[in-house]
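Here is the structure we will look at, set down as structure tokens.
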């Protein structure tokens, strides 16, 4: 029997009214994305926010516009990292069905390891193997050079996901290190609550997946969603944070598991069903 976890309530009408304004701002950023660093930084944030806001009113991601917004967020996040390669002059990337030529960058703080994780999660949700290959080959030392105040666990988790995707022999080493560094007492930048409720659970999900532990995986997934909800409903300010709408990291690991045959026994609007099932497979050339 599936575990059902209800999502917190949102002001759907208010969120829906914000979508046109947000999409206009995103379109303005995309117009300059080929050459402007500030536009790239804005597009990264705005594209994910649009996808999340659309998911308030379309919790299952069954509407075409919602899926397109998630696809666009994936395209934008992957594009800015494709353009981070110091050995290339430009990167050609598809964004909104157009070929865009992004001049390559030096170190930019918006390309830090946290943004890389979002890019990886989005590419997993959209089942974009080529983009995952590209992301998995970005050296971690470059992500460190890009800056940002981040806990050491972040880099260990990036290395874990890269080793997992590229089938490297050092996966276990990186996974153990990520588990150790994601303990709440290891938190230096984020607080212990965020580390325990948001950062640690996807790591345990991957561990259960690698062991092909169906019951353990679904237990870890249910915990991840419950703790996501617990974190984002702990106070009034958090309840209004758009990042609460979808549990992106657990969703991505659940998509990995489902794509490889593990049954998913958790039902919740925090994991939009059409994204989890890849219901729009074959509808778009990403």
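In my numbering, the protein residues as written are 801 to 1086. Each residue gets a CB set at the ideal place from its N, CA and C atoms; glycine is no exception.
Determine the closest residue to residue 1007 out of 1077, 973, 904 and 844, with distance taken between C-alpha atoms. When each option's Cα is compared against that of residue 1007, the closest is 973.
From which residue to which residue does the alpha helix (DSSP H) around residue 890 run? It is not in any alpha helix (DSSP H) - residue 890 instead sits in the beta strand (DSSP E) that spans 890–895.
Top-ranked residue by Cα proximity to residue 960, from 990, 940 and 1022: Between residue 960 and the set 990, 940 and 1022, the nearest pair of CA atoms involves 940.
In whole angstroms, what is the alpha-carbon distance linking residue 903 and residue 805? Using only the alpha carbons, I get a separation of about 44 Å.
7 Å CB neighbourhood of residue 867 in its chain, flanking five on each side removed: Counting only Cβ-Cβ distances below 7 Å, and skipping sequence neighbours, we find 861, 1074 and 1080.
Determine the closest residue to residue 824 out of 993, 1026, 850 and 814, with distance taken between C-alpha atoms. With distances taken between Cα atoms, residue 824 lies closest to 850.
Taking 7 Å as the limit between beta carbons, can you name the residues of its chain near residue 970, skipping five residues before and five after? Sequence-distant partners of residue 970 (beyond 5 residues in either direction) whose C-beta falls short of 7 Å from its own C-beta, in its chain, are 963.
Which value, in whole angstroms, describes the spacing of the CA atoms of residue 846 and residue 916? Spanning the two alpha carbons is a distance of roughly 16 Å.
Just mark residue 931 as buried or exposed, buried being the case when its beta carbon has 16 or more other beta carbons within 10 Å. Result: buried.
Which of the three DSSP states, helix, strand or coil, is assigned to residue 902? Three-state DSSP puts residue 902 in a strand.
Please report the residue range of the alpha helix (DSSP H) in which residue 834 lies. Run containing residue 834: none; DSSP gives neither H nor E here.
Helix or strand or just coil, what does DSSP make of residue 1039? The answer is helix: DSSP assigns residue 1039 an H, G or I state.
Could you pull out every residue in the same chain whose Cβ sits closer than 8 Å to the Cβ of residue 801, ignoring the five residues on either side in sequence? Excluding residues within five positions, the ones whose Cβ falls inside 8 Å are 1065.
Are the beta-carbon atoms belonging to residue 1090 and residue 856 less than 7 Å from one another? It is not possible to answer for residue 1090, since the shown part of the chain is limited to 801 through 1086.
Nearest by alpha-carbon distance to residue 1032: which of 997, 1020 and 1009 is it? The alpha carbon of residue 1032 has as its nearest neighbour, out of 997, 1020 and 1009, the alpha carbon of 997.
Output the distance between the C-alpha atoms of residue 1022 and residue 1003, rounded to the nearest integer angstrom. Straight across, the Cα-Cα distance linking residue 1022 with residue 1003 is about 14 Å.
If you measure between the beta carbons of residue 952 and residue 981, is that distance less than 7 Å? In contact: residue 952 and residue 981 (Cβ atoms closer than 7 Å).
Run the CB neighbour count on residue 774, radius 10 Å, all protein chains shown included, and call it buried at 16 or more, exposed below. What the structure shows of the chain is the stretch from 801 to 1086, and residue 774 is not part of that stretch, so it cannot be assessed.
One question on the structure: do residue 946 and residue 907 come within less than 7 Å of each other, judged by their Cβ atoms? Between residue 946 and residue 907, the C-beta spacing is below 7 Å.
Quick one: what's got a C-beta closer than 8 Å to residue 1026's C-beta in the same chain, skipping five residues either side? Cβ neighbours of residue 1026 beyond the five flanking positions: 805.
Smallest Cα separation from residue 1087: which of 925, 1042 and 1013? Examination of residue 1087 is not possible in this model, given that the chain is present from 801 through 1086 alone.
At 4 residues or longer, and completely inside the segment 975–1062: list those alpha helix (DSSP H) runs for me, N to C. Listed in chain order, they are 1000–1010, 1014–1032, 1036–1039 and 1048–1059.
Cut-off 6 Å between Cβ atoms - residues of its own chain near residue 1044, not counting five sequence neighbours on either side: Excluding residues within five positions, the ones whose Cβ falls inside 6 Å are 1032.
According to DSSP, residue 960 sits in a beta bridge with which residue or residues? Its beta-bridge partners do not exist; DSSP assigns none.
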